[in-house]
Amino acid sequence: MSLTGKTLNEEEFFYGHKACAGCGGSLAVRIALKVLGERAVAVLPAGCMSAVAFNFPQLCFGNNAMISTFAGTASMLTGVEAGLRAQGINDFQAVGFAGDGGTADIGIQALSGAIDRNDNILYICYDNEAYMNTGIQKSSLTPFGAKTTTTPAGENIRGNLRPKKNMFEITAAHGIAYAATASIGFLNDFMNKVEKASKIKGTKYIHVIAPCPTGWGTATDETIDFAKEIVDCGLWYLAEYENDEFILNYKPTEFTDVETYLRKQSRFAQLTDEDIQVVRESRDKKWERIQKNYKVK
Amino acid sequence: MKPYLRDKVPTTLSEIPDHTAYEAGYLVTKNAGWRNIRPVINLEKCVGCLQCYLYCPDGVISKEENKVRLDYDFCKGCGICKKMCHFDAIQMEVEK
Ligand SMILES: Cc1ncc(C[n+]2csc(CCOP(=O)(O)OP(=O)(O)O)c2C)c(N)n1
Ligand code: SF4
Ligand code: SF4
Ligand code: SF4
Ligand SMILES: [Mg+2]
Chain A
6 MSLTGKTLNE
16 EEFFYGHKAC
26 AGCGGSLAVR
36 IALKVLGERA
46 VAVLPAGCMS
56 AVAFNFPQLC
66 FGNNAMISTF
76 AGTASMLTGV
86 EAGLRAQGIN
96 DFQAVGFAGD
106 GGTADIGIQA
116 LSGAIDRNDN
126 ILYICYDNEA
136 YMNTGIQKSS
146 LTPFGAKTTT
156 TPAGENIRGN
166 LRPKKNMFEI
176 TAAHGIAYAA
186 TASIGFLNDF
196 MNKVEKASKI
206 KGTKYIHVIA
216 PCPTGWGTAT
226 DETIDFAKEI
236 VDCGLWYLAE
246 YENDEFILNY
256 KPTEFTDVET
266 YLRKQSRFAQ
276 LTDEDIQVVR
286 ESRDKKWERI
296 QKNYKVK
Chain B
1127 MKPYLRDKVP
1137 TTLSEIPDHT
1147 AYEAGYLVTK
1157 NAGWRNIRPV
1167 INLEKCVGCL
1177 QCYLYCPDGV
1187 ISKEENKVRL
1197 DYDFCKGCGI
1207 CKKMCHFDAI
1217 QMEVEK
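Top line first, the protein sequences correspond to chains A and B. Each residue of the first sequence is one higher than the one before, counting from 6 in this note's numbering. Each residue of the second sequence is one higher than the one before, counting from 1127 in this note's numbering.
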């Protein structure tokens, strides 16, 4: 039976945290833990989700949880899994929650190593598209055109010049046991992917888009709307990789306009019509490749 | 286990652990003071669809008797629950 609000575990495991009002990342962590339950052992590197949860004596995880080095989410997960197994404990799920910077930049080597060893861990990247905890710096998952403190908008350059790295396909290229993309705007899809991943042996990677009102320059009550719209306008997509195959879970019948999506966020306020055309074209190119290489469900 | 408010705030040196592990779910402060506006649920209109419960980033809405209740100690007033309610059962009111 697929998970819904009605069937989901009623217990809360991530509570009383100090994330900004309307934080998408905290919703991703909360929901994933409700799916995994109290036998989840969580590892969080430096980043917003550890910063808002561990402020002694305010400790906001109800399950076992700990902070890793910024680069070491996946290696600590490996250690947690091996250590518990060595003690004869088997009814647990080692799960990591790392940001986009912690995943696609500084933590990519540890993650790649864990996938290579096929360690039995679940790695969840909550992607808010910048280094938010240190005040909005560009990561390799910051999209083209976004203004951050390290990609400011000026006369000659209007925000980030580089496209968003494709972490989902990078993990898939390792031949990982299971990888998926998700969005907190589609929680039923996300919950069921977390549950599915928890039942697969080997390394699992889930990349969930989690808007950040503080870094994106959006209202606190719009977080879910943006997490939906990014999928509806085709700048993000819901997909899975398993058994050497890419599967697209959801295809909008017609894309909404990327311009509408971009213009509502202050991080994109400086973009010209030409910049927006660049975003549109790269989206269309990406979808051409998806149509060619992904099985459409 | 759901983290909950404790009476005891560790303050003296002997109460603070000399290692990095401590009891899970140990809360000593509320988040209510962050709010400028507060969601108010009209239980007459609520049909118990649970969308507000599911999408609240702070997990402060829980199921109760086929409807929902809200923990104002930890609600930050983000307004997401109101947006998720398609039955007009949640209104945001200014905090006094
Ligand atoms: C080795 C190391 N370098 C830098 C930092 C400082 N630092 C802490 S959190 C953070 C940003 C994390 O960004 P991301 O992984 O995207 O998570 P977010 O804060 O956006 O949730 C940085 C740079 C650190 N803690 N350790
Ligand atoms: S800065 Fe963004 S990601 Fe960090 S706690 Fe605030 S809303 Fe969440
Ligand atoms: S206002 Fe935000 S924090 Fe408060 S109950 Fe609604 S969704 Fe949850
Ligand atoms: S979203 Fe509205 S109708 Fe549904 S449970 Fe919440 S208050 Fe009730
Ligand atoms: Mg980030």
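Note that beta-carbon positions come from the ideal geometry of N, C-alpha and C, so glycine has one too.
Nearest neighbour of alanine 1147 of chain B, chosen from A/Ser188, A/Ala87, A/Met71, A/Glu259 [CA to CA]
A/Met71
Three or more C-beta pairs under 8 Å: does that hold for the segment 1207-1222 of chain B against the segment 1157-1176 of chain B?
yes
Would you tell me roughly how many angstroms separate the C-alpha atoms of isoleucine 1187 of chain B and lysine 300 of chain A, rounded to the nearest one?
38 Å
Return yes when the C-beta of cysteine 4 of chain A is under 8 Å from any heavy atom of ligand 2, and no when it is not.
Within the shown structure, residues of chain A are numbered from 6 to 302, placing residue 4 of chain A beyond reach of any answer.
Considering tyrosine 1181 of chain B, what are the terminal residues of the alpha helix (DSSP H) in which it resides?
1177-1181
Would the beta-carbon of aspartate 194 of chain A be found less than 8 Å away from any heavy atom of ligand 1?
no
Using a Cβ cut-off of 9 Å (strictly closer), state whether phenylalanine 1224 of chain B contacts chain A.
Chain B is shown from 1127 up to 1222; residue 1224 of chain B falls before or after that span and cannot be answered.
Which of helix, strand or coil does DSSP assign to valine 1220 of chain B?
strand
With the cut-off set at 9 Å, would you say asparagine 125 of chain A and lysine 206 of chain A are in Cβ contact?
yes
Is the beta carbon of proline 50 of chain A within less than 8 Å of some heavy atom of ligand 1?
yes
From what residue to what residue does the alpha helix (DSSP H) around isoleucine 175 of chain A run?
172-177
Give a yes or no on whether the minimum CB-CB distance between tyrosine 128 of chain A and chain B is below 9 Å.
no
Please confirm if lysine 23 of chain A has its CB atom under 9 Å from at least one CB of chain B.
yes
Start and end residues, alpha helix (DSSP H) containing glutamate 227 of chain A:
Careful: glutamate 227 of chain A lies outside any alpha helix (DSSP H) and carries neither H nor E.
In whole angstroms, what is the alpha-carbon distance linking proline 50 of chain A and cysteine 1178 of chain B?
29 Å
Compare the Cα-Cα distances from serine 144 of chain A to each of A/Glu134, A/Asn138, A/Lys152 and report the closest residue.
A/Glu134
For lysine 1189 of chain B, return the contacting residues in chain A, with the cut-off set at a CB-CB distance below 8 Å.
Glu15
Assign glutamine 275 of chain A to one of three DSSP states: helix, strand, or coil.
coil
Continuous alpha helix (DSSP H) stretch holding threonine 4 of chain A: start and end
Examination of residue 4 of chain A is not possible in this model, given that chain A is present from 6 through 302 alone.
Run through the DSSP bridge pairs and tell me what asparagine 60 of chain A is partnered with.
A/Gln63
Straight-line gap, isoleucine 175 of chain A to leucine 243 of chain A (C-alpha atoms, nearest Å):
16 Å
In the DSSP output, what is arginine 1195 of chain B paired with across the bridge?
B/Ser1188
Since glutamate 200 of chain A meets chain B, which of its residues come closer than 8 Å, beta carbon to beta carbon?
None at all; the shortest Cβ gap to chain B is about 15 Å.
Should phenylalanine 1153 of chain B be flagged as near chain A, meaning a C-beta pair shorter than 9 Å?
Reading the sequence as shown, one finds leucine at residue 1153 of chain B and not phenylalanine. Closer than 9 Å: yes.
Could you list which residues in chain A have their beta carbon closer than 8 Å to that of lysine 1209 of chain B, in chain order?
Asp226, Glu227, Ile229, Asp230
Is the segment 25-37 of chain A in contact with the segment 216-223 of chain A, if contact means three or more CB pairs nearer than 8 Å?
yes
Between the alpha carbons of lysine 1222 of chain B and phenylalanine 102 of chain A, how many angstroms are there, rounded?
37 Å
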